[in-house]
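Below is one structure, written out as structure tokens; the observations come after it.
Residue numbers (our numbering): 266 to 620.
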């Protein structure tokens, strides 16, 4: 079954790339037109931003008593981003990658679920903070449209749903168990005619709810462990804005700080809230229109938008393609127990244990 799932994901990836060859060719042509030293520096900053995502995850894992390396978690993040994009599954698909990896490595599934949910919650909240500044810039320049307001509201709803889920796990695991059981019963009812059996184990859903409650309570016992992930998540946003800054330099286009923040805000909004996978094609058009509205020539706006998305999206997908194969074909739990793994074993540590 595991190999079948991997084969299906890679089939999605092939179909995705085949249907996007024109976009890839356009990005490659854009890179040839820019100053190579600024673009190479932007790629280096992008790698640092990926490591920053791994650092956020590492801090959350440690707060839950799990020890893991930044590089491995960064690769796992790339895998989740790749899976989310090619399957159009949103943040929930990314969480599934973290949970599946944790199960394969013998980690408590509920704790990994809490860690991944907290990661996306931090990502949404810190994105909203930056987007708030970007909306102010758009208002001052008379460029704010109803679409940006609606997208911001949808992003806020995503964050509230995740927060409500975690709060429910902390305050009433029994109620969360009932919610998960009801949702699982509905899914089983839909797929039972096709599979001739229940797809989800409702008993495990209740156990998951109780385990999640325990995991969230662990976070409460070490609130200082929740501050570092926020700072790291904000730093990741700053690094992404720096990539946009370097793209402006690569094409010798003057800019202001407000332009960078507004551009980043629109990019992140319509990457999350979008009618296409990761906003492909849609975000590039939005950014081109926005930069043009800021007084930048249309041709320059287009190449900057393509270069920025080429680095932040297409390179992430490339790294994710490689990382997903590495994560998906890694050792199974029984191999880890037998000591045949090539990676070091995971250790459980207390949240306040020194590194």
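Every residue gets a Cβ at the ideal spot worked out from N, C-alpha and C, and that includes glycine.
According to DSSP, is residue i part of a helix, a strand, or is it coil?
i           : result
residue 331 : strand
residue 400 : helix
residue 541 : coil
residue 433 : helix
residue 478 : helix
residue 297 : helix
residue 314 : helix
residue 319 : helix
residue 501 : helix
residue 386 : helix
residue 561 : coil
residue 546 : coil
residue 347 : helix
residue 528 : helix
residue 513 : helix
residue 575 : helix
residue 425 : helix
residue 376 : helix
residue 580 : helix
Output the distance between the C-alpha atoms of residue i and residue j, rounded to the nearest integer angstrom.
i           : j           : result
residue 323 : residue 433 : 24 Å
residue 437 : residue 326 : 23 Å
residue 305 : residue 505 : 14 Å
residue 581 : residue 343 : 6 Å
residue 524 : residue 396 : 12 Å
residue 474 : residue 450 : 15 Å
residue 307 : residue 478 : 41 Å
residue 422 : residue 536 : 15 Å
residue 345 : residue 499 : 20 Å
residue 429 : residue 383 : 11 Å
residue 584 : residue 411 : 35 Å
residue 448 : residue 457 : 14 Å
residue 413 : residue 444 : 32 Å
residue 442 : residue 552 : 43 Å
residue 426 : residue 560 : 38 Å
residue 369 : residue 379 : 17 Å
residue 591 : residue 545 : 25 Å
residue 446 : residue 435 : 17 Å
residue 565 : residue 491 : 41 Å
Apart from the five residues just before and just after residue i, which ones in its own chain have a Cβ nearer than 6 Å to its Cβ?
i           : result
residue 310 : 504, 507, 508
residue 419 : 538
residue 563 : 557
residue 406 : none
residue 347 : 582, 585, 586, 589
residue 533 : 392
residue 567 : 553
residue 300 : 515
residue 439 : none
Taking the alpha carbon of residue i as the point to measure from, which residue in the options has its own alpha carbon closest?
i           : options            : result
residue 335 : 559, 563, 497, 525 : 497
residue 531 : 398, 383, 426      : 398
residue 359 : 328, 386, 349      : 349
residue 588 : 299, 337, 535      : 337
residue 578 : 303, 314, 301, 331 : 314
residue 328 : 445, 312, 495      : 495
residue 303 : 586, 572, 415      : 572
residue 431 : 481, 318, 351      : 481
residue 542 : 333, 352, 297, 312 : 352
Spatial neighbours of residue i within its chain, please: CB distance less than 7 Å, with the 5 preceding and 5 following residues excluded, ordered by chain position.
i           : result
residue 624 : A query on residue 624 cannot be resolved here, the shown segment of the chain reaching from 266 to 620 and no further.
residue 367 : 374, 377
residue 402 : 523, 526, 527
residue 520 : 513
residue 493 : 324
residue 549 : 570, 571, 574
residue 540 : 547
residue 417 : 396, 400, 534
residue 319 : 335, 336, 338, 339, 342
Quick one: measure Cβ to Cβ for residue i and residue j, integer angstroms, because I've assumed they're closer than 8 Å.
i           : j           : result
residue 321 : residue 385 : Residue 321 to residue 385, Cβ: 10 Å. No contact.
residue 364 : residue 341 : Contact doesn't hold; Cβ gap of about 11 Å is too wide.
residue 389 : residue 424 : 4 Å
residue 409 : residue 415 : Not a contact, Cβ separation roughly 11 Å.
residue 394 : residue 331 : Between residue 331 and residue 394 the Cβ distance is about 27 Å, and since that is not below 8 Å, they are no contact.
residue 317 : residue 501 : 4 Å
Any Cβ of chain D within less than 7 Å of the Cβ of residue i?
i           : result
residue 558 : The structure shown contains no chain D, having only a single protein chain.
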